[in-house]
Amino acid sequence: MRDVQSERDGRRISIDRVGVSNVSYPVVVLDQKENIQHTVAAVSMSVSLPHEYRGTHMSRFIEVLHEFQGRLTISSMEHIAEHLRKVLDAECAEIVFSFPYFIARNAPVTGMSSFTRYDVSFLATKGDQFDLVTVVTVPVQTLCPCSREISEAGAHNQRASVEISVRMKGLVWIEELVEIAEKNASAPVYTLLKREDEKFVTEQAYNNPRFVEDVLRDVAVDLEAEERVVWYRIRVVSNESIHNHDAFASLERDKEGSEKERVRG
Numbered sequence: 001m002r003d004v005q006s007e008r009d010g011r012r013i014s015i016d017r018v019g020v021s022n023v024s025y026p027v028v029v030l031d032q033k034e035n036i037q038h039t040v041a042a043v044s045m046s047v048s049l050p051h052e053y054r055g056t057h058m059s060r061f062i063e064v065l066h067e068f069q070g071r072l073t074i075s076s077m078e079h080i081a082e083h084l085r086k087v088l089d090a091e092c093a094e095i096v097f098s099f100p101y102f103i104a105r106n107a108p109v110t111g112m113s114s115f116t117r118y119d120v121s122f123l124a125t126k127g128d129q130f131d132l133v134t135v136v137t138v139p140v141q142t143l144c145p146c147s148r149e150i151s152e153a154g155a156h157n158q159r160a161s162v163e164i165s166v167r168m169k170g171l172v173w174i175e176e177l178v179e180i181a182e183k184n185a186s187a188p189v190y191t192l193l194k195r196e197d198e199k200f201v202t203e204q205a206y207n208n209p210r211f212v213e214d215v216l217r218d219v220a221v222d223l224e225a226e227e228r229v230v231w232y233r234i235r236v237v238s239n240e241s242i243h244n245h246d247a248f249a250s251l252e253r254d255k256e257g258s259e260k261e262r263v264r265g
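Mapping the sequence shown onto this note's numbering, position 13 (from 1) lands on 13, and the numbers just tick up by one.
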């Protein structure tokens, strides 16, 4: 049959990325406690397209996706990206897996167990070199230090999120990044809380007021101390409860580059 995609194109315009997105696919990821966890990812796969080709072969993206049977590890991500690059005869390939990840949590007083959802993404790029960024978004609670200081009773608090992106030279578990985010917020959030637990969490947040800047800086301190992390980006967003806007703080550092001295300073 005629291969229309491989026909020559005379416009001489290379395309940075061409591929498929929003592909729902079952995947298996490593779980620190349970060994593996089954979940469903939204997948985006793309390659660079030389100017001489009219199009790429979209079906081959799905074929490559199906070949690895949904197992996500650092080594498998590199293998998938390299295989995609070779199959599509491209200089560079990019794959993004975004999926919900669940961790069993015990309520702080009653000990009742429930699952908390965290949103995770693996972003892999393979050209001359392989690059992998892991992104974990953690829901937390923040309580405003200013509000607590100036109010005769109470203080405004709100749901917030801590997004941590890392490049690593050794395996850092999703659970470890979640712990870093939660311990540096005013308090973690839980799916299941009884009255005793609600009292504990409310008082924990009140006794630990945090600006988004506080959360971000302490997360940065922990990531600086983690030798397995060579680069990180942090974004903390507070969904303000008494303002009609959000508050945020962000930071990006390359620990193996010139920015390292700025963090130490």
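Backbone N, C-alpha and C define an ideal beta-carbon position, used for all residues, glycine too. If you're wondering where the values come from, they're calculated on a predicted model, not measured in any experiment.
Quick test of the definition: if touching needs 3 or more C-beta pairs under 8 Å, does the segment 88-99 touch the segment 36-43? Taking 8 Å as the limit for Cβ pairs, the verdict is that the segment 36-43 does touch the segment 88-99.
For T137, count neighbouring C-beta atoms within 10 Å of its own C-beta (all shown protein chains included) and say buried if the count is 16 or more, exposed if not. The Cβ neighbour count for T137, taken over all protein chains shown within 10 Å, is at least 16; the residue is labelled buried.
In whole angstroms, what is the alpha-carbon distance linking K255 and I74? Distance between the alpha carbons of K255 and I74 is about 20 Å.
So within the segment 199-239, which uninterrupted beta strand (DSSP E) runs reach at least 3 residues, ignoring any that extend past its ends? Complete beta strand (DSSP E) runs here, min 3: 229-239.
Assess contact between the segment 244-253 and the segment 177-196, defined as three or more Cβ pairs (one per stretch) separated by less than 8 Å. Is contact present? No, the segment 244-253 is not in contact with the segment 177-196.
Leaving out the 5 sequence neighbours to the left and right, which residues in its chain are closer than 7 Å to Q32 when beta-carbon positions are compared? Excluding positions up to five away in sequence, the list reads W173, E175.
Which class does A181 belong to by DSSP, given the choice of helix, strand or coil? Assignment of A181 by DSSP, reduced to helix, strand and coil, places it in the helix class.
Could you tell me how far apart the beta carbons of S46 and R17 are, in whole angstroms, since I believe they sit closer than 8 Å? Right, the Cβ-Cβ distance comes to about 4 Å (below 8 Å), so this counts as a contact.
Return the bridge partner residues of P145 from the DSSP annotation. Paired residue(s): none; P145 is not in a bridge.
Once DSSP output is grouped into helix, strand and coil, what is the label at E163? Looking at E163 - three-state DSSP - the assignment turns out to be strand.
Could you check what DSSP says for K33 in three-state terms: helix, strand or coil? Coil.
Decide if the segment 156-168 is in contact with the segment 228-237; the criterion is three or more beta carbon pairs, one per stretch, under 8 Å apart. The segment 156-168 is in contact with the segment 228-237.
Could you spell out the range, first to last residue, of the beta strand (DSSP E) harbouring K169? Per DSSP, K169 belongs to no beta strand (DSSP E) and is neither H nor E.
Anticipated Cβ contact below 8 Å, V201 with P108, distance rounded: In this structure V201 is in contact with P108, their Cβ atoms being roughly 7 Å apart against a cut-off of 8 Å.
For Q158, the residue or residues it bridges with in DSSP: T142, per the DSSP bridge assignment.
Inter-stretch contact (C-beta, 8 Å, three-pair minimum) for the segment 19-37 and the segment 62-79: As far as the Cβ criterion goes, the segment 19-37 touches the segment 62-79, which means the pair count is three or higher.
Alpha carbon of H38 to alpha carbon of Q69, nearest angstrom: Rounded to the nearest whole angstrom, the C-alpha separation of H38 and Q69 is 12 Å.
With the cut-off set at 8 Å, would you say A205 and Q141 are in Cβ contact? When the beta-carbon positions are compared, A205 and Q141 come within less than 8 Å of each other.
Could you pull the start and end residues of the alpha helix (DSSP H) that I13 belongs to? Counting along the chain, I13 falls outside any alpha helix (DSSP H), and DSSP gives it neither H nor E.
Between which two residues does the alpha helix (DSSP H) containing I74 stretch? Its alpha helix (DSSP H) spans residues 74-87.
Start-to-end residues for the alpha helix (DSSP H) that takes in S241: Where S241 is concerned, there is no enclosing alpha helix (DSSP H), given that its DSSP letter is neither H nor E.
Regarding T137 and the ligand ADP, is the C-beta to nearest heavy atom distance less than 7 Å? Absence of the ligand ADP from the depicted structure is noted, as is the absence of any ligand whatsoever, leaving it without description.
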